[in-house]
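Have a look at the structure below before the remarks.
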Amino acid sequence: MSFIKLESVSKQIKGQLLIKNVTFQINKGEIATFEGINGSGKTLILKAILGLIKTNGNISINDQQVNVKNKYPISAGMLIEKPSLIEQLTAFQNLKLLAQLQDKISDDDIIKLLISLGLDGHIHQKVKHFSLGMKQKVGIAQALLGNNKLIVLDEPTNALDEESVASLINIIKDFNTSQTTFLITSHDSNFINQISTKPFIVRNGVINAKIS
Ligand SMILES: Nc1ncnc2c1ncn2[C@@H]1O[C@H](COP(=O)(O)OP(=O)(O)OP(=O)(O)O)[C@@H](O)[C@H]1O
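All residue numbers for the sequence shown refer to full-length UniProt numbering, where the first residue is 1 and numbers rise by one.
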């Protein structure tokens, strides 16, 4: 069943066409990946799908139109560009803030998630003392927290070491059920090849299916 649909989607900023007439569909439960070099348009397409930027063309999620007035009509967890963290709070407190906006997320769920991302020993430390990779892991935890039907991860492997990338691959596979759809950008084809069920290549604002 088609869950996310884009039809002739374009984005122009200051006279420059940055997303060029993009049409594709993604089924529920897929791990869709967008692979491309810096500046190719990966983040813009995620922002468009979430209704964070205005575009031309049609975008729908679960048959509901997405636009800047009707942002992500289903529950979505996201890490876009870089983690949004409150530096004065601990890793746990940052997640607790988000958990309070959703039902049925226990303190135990938060702690388990942080441990699965390799943050045991740092759960109750202030984020301002964290390295870039540790902050990235808290950002990933924010996106994974709860029972979101859509999880969007923009360059999740940024600042992660090899071992952490391997754990992330396992975590994404564990989270990916027929009810959870992932949209993931990366420039790392090795990472993408290990997780993707629906690979796209992004080149200069043009998005095509990746042929292996
Ligand atoms: N608000 C903006 N104003 C002008 N140009 C923009 C704006 N946002 C994005 N761009 C341009 O659009 C292009 C695509 O940007 P985008 O952030 O989608 O790249 P990306 O593929 O995610 O790159 P990276 O891997 O570096 O994150 C880039 O050339 C960027 O400079």
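Even for Gly, the Cβ is constructed at its ideal location relative to N, Cα and C.
Straight-line CA distance for residue i to residue j?
i	j	result
residue 145	residue 205	31 Å
residue 186	residue 78	15 Å
residue 38	residue 15	20 Å
residue 242	residue 85	As displayed, the chain neither begins before 1 nor continues past 212, which places residue 242 out of reach and without an answer.
residue 63	residue 181	15 Å
residue 13	residue 128	34 Å
residue 123	residue 74	29 Å
residue 132	residue 157	11 Å
Among the candidates the options, whose CA atom is the shortest distance from the CA of residue i?
i	options	result
residue 159	45, 69, 7 and 82	82
residue 69	79, 55 and 80	55
residue 139	174, 163 and 90	90
Which same chain residues end up closer than 8 Å to residue i when comparing Cβ atoms and leaving out the 5 residues on each side of it in sequence?
i	result
residue 116	167 and 171
residue 47	53 and 80
Counting only the same chain and skipping the five closest in sequence on each side, list residues whose C-beta sits under 7 Å from that of residue i.
i	result
residue 141	95, 113, 114 and 117
residue 17	10 and 205
residue 165	157 and 191
Helix, strand or coil for residue i per DSSP?
i	result
residue 154	strand
residue 209	strand
residue 128	helix
residue 198	strand
Less than 6 Å between C-beta atoms, sequence neighbours within five positions excluded: which residues of the same chain meet that for residue i?
i	result
residue 24	6
residue 179	none
Worksheet item: Where are the alpha helix (DSSP H) runs, 4 residues long or more, that stay fully inside the region 4-84, in chain order?
Response: 42-49
Discussion item. Which runs of the beta strand (DSSP E) at least 3 residues long sit entirely within the region 136-193? Give them in chain order.
Written reply: 150-154 and 181-186
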